[in-house]
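When you line the sequence shown up against our numbering, it's residues 9 to 87, in that order.
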Amino acid sequence: MNRRIQLGWARMVFEQCVLPVITYGSETRSLTMGLIRRLRVTQWAMERGMLRVSLRSQIRNEEIRGTTRVTDVAQRVVA
């Protein structure tokens, strides 16, 4: 059985399920630069997991964001 999910499906699940949970949880706290940074780091880690890319491969987060085309969590929290 193939456990890999196509990137389009992973993006859709992330946008519709994961991001709303992250942004809802952050609405109950005061929005600081440290909190935004932690949310971004968490999102980058999840995007790396979607692409099965490790930190050792030294691929920049901007390149990964360009591949996944997922909405930045900081934009959703601030908006």
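Backbone N, C-alpha and C fix where the C-beta goes; we use that ideal spot for every residue, glycine too.
Among residues of its own chain, excluding the 5 on either side of residue 83, which ones have a beta-carbon nearer than 6 Å to its beta-carbon?
-> Taking the first residue of the sequence shown as 1, we reach residue 83 at position 75. Correct list: empty, nothing qualifies.
Give the C-beta separation of residue 58 and residue 26 to the nearest angstrom, bearing in mind that I take them to be a contact with Cβ-Cβ under 8 Å.
-> Here the question's residue 58 lines up with position 50 in the sequence shown. Here the question's residue 26 lines up with position 18 in the sequence shown. Not confirmed; about 10 Å, so no contact.
Answer yes if the stretch 28 to 41 comes into contact with the stretch 61 to 68, meaning at least three C-beta pairs across the two stretches below 8 Å, and no otherwise.
-> no
Out of 13, 44, 21, state which residue places its alpha-carbon closest to the alpha-carbon of residue 78.
-> As a position in the sequence shown, residue 78 is number 70, starting the count at 1. It is 21 whose Cα lies nearest to the Cα of residue 78.
Who are the Cβ neighbours of residue 47 in its own chain at under 7 Å, not counting the five residues just before and after it?
-> As a first step, residue 47 is located in the sequence shown; it is residue number 39 there, counting from the start. The residues are 30, 34, 81, 82, 85.
With a CB to CB cut of under 8 Å and the five nearest residues on each side skipped, what residues in its chain are close to residue 16?
-> Working through the sequence shown from its first residue, we reach residue 16 at position 8. Correct list: empty, nothing qualifies.
Neighbourhood of residue 62 by C-beta distance below 8 Å, restricted to the same chain and skipping five residues each side = In the sequence shown, residue 62 corresponds to position 54, counting from 1. Taken in chain order, the residues that qualify are 56.
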